[in-house]
Amino acid sequence: MIINLLGCGATSMTLQTCVSSSSFSHFPVPTSCCDSSTLQRNNPFCISNFYQFVHQNKNLGSCSNNSFLNSVSRNFKCPPLHCRASAAQVESAQLAGSSSNVGLENITWPSPNDKIPFWRRPFPSWDIASDGSTNAEKDADVLHIVHATAEMAPIAKVGGLGDVVTGLARACLARGHKVDVMLPFYECIQRHDINDLELISTYDSYFNGDWIRTNAYKGVVSGIPVILIEPSNNFFKGQSVYGGSYNELEAYLFFSRACLEWMQVTGTQPDIIHVHEWQIGSLPLLYWDMYHQLSLQKPRIVLTIHNMEHYGECSQEQLSKCGLDGSVYATEDKAVDDRTIGHNPERLSLLKGGIVYSNAVVTVSPTYLKETICSGWLASTLIRNREKYSGILNGIDTAMWNPAADVFLPAKFDADKIEGKRICKQFVQRGLGLGLEGTDFGHGQVPLVICITRLVAQKGLHLITHAIQQVEKLGGQMIVLGRAPDGRVEREFEGLANVHNKGSSIRILLMYSEELSHMLYAAADMVLVPSMYEPCGLAQMIGMRYGAV
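Residue numbering for the sequence shown is 1 to 549, as defined by the UniProt record's numbering.
This is the structure:
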């Protein structure tokens, strides 16, 4: 059977629905730490080697002498990852063991009428730290790397940023480096999902004329040491990572300085401070123009641009609240937002400032590097800083995304024994009330298409809605999982859900669940990624890892 997903005449997309084991026999997807190679611009190379390069070349993009100056989904709620369950509860809820243990008698089949949805059943604990590669090549020059980020999977995940931070940190740990991740202690983070959580210090960090009492906690997530910053004001309060009642931009300005302040008061001198996205874009400015003049002498700064959709637009007055003089940065060679030059008032861009003031800038693929220097209002800034700008292809953590060991699956499988994938498909179909006709284990004739995404314009919303209609028309099945930060988009998809969720072929779930996403990838025949543009994209890598087209 062949299904036409987009139905656009001569340019329509057609895909074979039957997936054989050979289509994913070796799971050929990039991982979070690639093979060693020499540093070459426009070619993927291991970020660990890149850190070594930045560390050894102290003057690369040096900021000390200024020579370098020449949807989101805001409604996402942080879910508990899993319940702590007894062995008996776990055994009754899902299969244990390897891909060879896929007997149907061991499965408690779900129903859409269950009081507790199947993705919220108790799952066994998963010590992902023990699943990492113990045979990874160790680097001779061991570095201390600190990530400063707004997201981290799975405790504060909205999109791919969280997955990349966690996967990259785990990959560098496996290569022998010391790694810490600094993250806001969002109110929505479930404390029981952090191992060995403890308060390690209390200090004051400046913001808007006051010194804010701040707690720093330390814990372990997925084998990674995490430092969580918790201010005593209302920053980072709310039931979601983004979209609280506080001023989000000002909260991240505070967080950026609070990270550096914590390093200073504790005497922490990492080799690399790796900042991610616009949210932490002010940290390089604060480092070179303030903290490097105080006690932080050793670190060098790496900025990763995951998506240039957001620029961190702010006023001079807002930037001044973190202790810098915002007017100093209102020049074209520093942080002025090029789109507002000549306007009254001119604005600043935290992302641009981060690009200018970082020792090295990375984006998530060589292709996106080319796109960003050829188009977009930041292209001229990136061209001026071309010598320190590199594209490194993202990868997935193949221990966290592993169908042969994934605790969220009702049955395990791999390329040699795919029976478990058929069970996963039927498990999801039953749990969501999808039709089972023609889906017996011998044939599996009805294709299941999944789309796990933030429902924002970048992700090709019109193509998703068209695919829903086409899949239903052609007799397939489709599941959409995601939240919409825009109320108008959410209302549109609520309307679609009210129409389609009554049938037996389409399910639109306006939510996010890490557990359910694992199950959907395992159940899928095809993964739909209809983005208008994609800096890298992890969905297709995860889909291939789980045997989908």
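Idealized CB from N, CA, C, for every residue including glycine.
The structure displayed is predicted, hence computed values, not measured ones.
Judged by DSSP in its simplified three-state form, T166 adopts helix. DSSP, reduced to helix, strand and coil, places D204 within a strand of the structure shown. For Q477, there is no enclosing alpha helix (DSSP H); the enclosing beta strand (DSSP E) has its first and last residue at Q477 to L481. Approximately 4 angstroms separates the beta-carbon atoms of P530 and L463; this is inside 8 angstroms, confirming the contact. Between the C-alpha atoms of Y533 and G312 there is a straight-line separation of about 20 angstroms. It is roughly 14 angstroms from the alpha-carbon of I423 to the alpha-carbon of L434.
Under the rule that a run must span 4 or more residues, the alpha helix (DSSP H) segments found entirely inside the segment 256 to 296 read 282 to 289. Assigned with DSSP and collapsed to three states, P122 falls in coil, not helix or strand. For K178, the uninterrupted beta strand (DSSP E) run begins and ends at K178 to P184, by DSSP.
Boundaries of the beta strand (DSSP E) harbouring E230: I224 to P231, taken from the DSSP string.
Residue environment analysis places E387 among the exposed positions, since fewer than 16 neighbouring C-beta atoms fall within 10 angstroms of its C-beta. Under the Cβ criterion (8 angstroms, minimum of three pairs), the segment 228 to 245 does not count as touching the segment 271 to 283.
By the C-beta criterion, the segment 516 to 525 is judged to be in contact with the segment 406 to 419, since at least 3 inter-stretch pairs fall below 8 angstroms. Rounded to whole angstroms, the gap between the alpha carbons of A539 and W211 is 42 angstroms. Between E250 and Q297, the beta carbon gap of about 29 angstroms keeps them out of contact (Cβ cut-off 8 angstroms). Each residue's CA atom was taken as its position, placing G547 and V428 some 16 angstroms apart. DSSP places C536 in no beta strand (DSSP E); its state is neither H nor E. Rounded to the nearest whole angstrom, the C-alpha separation of S349 and L382 is 14 angstroms.
In this structure, the straight-line span from the alpha carbon of V446 to that of Q477 is close to 7 angstroms. The distance from the Cβ of A148 to that of I272 is about 11 angstroms, inconsistent with a contact at the 8 angstroms cut-off. P225 is positioned such that its CB atom lies no closer than 8 angstroms to that of D193. If you look at S531, you'll find it isn't in any alpha helix (DSSP H); DSSP assigns it neither H nor E. Our two residues, S295 and A484, have alpha carbons roughly 44 angstroms apart in a direct line. Counting along the chain, no beta strand (DSSP E) covers H466; the unbroken alpha helix (DSSP H) around it starts and ends at L461 to K473.
DSSP places N215 inside the beta strand (DSSP E), whose first and last residues are D210 to V221. Setting aside the 5 residues that flank it on each side, R300 is surrounded in the same chain by V54, H55, K58, L60, D271, I272, I273, N359 and A360, each with a C-beta closer than 8 angstroms to its C-beta; the list follows chain order. Scanning the segment 488 to 532 for uninterrupted beta strand (DSSP E) segments of 3 residues or longer gives 506 to 509, listed from N- to C-terminal end. In the DSSP assignment, M152 is bridged to A156.
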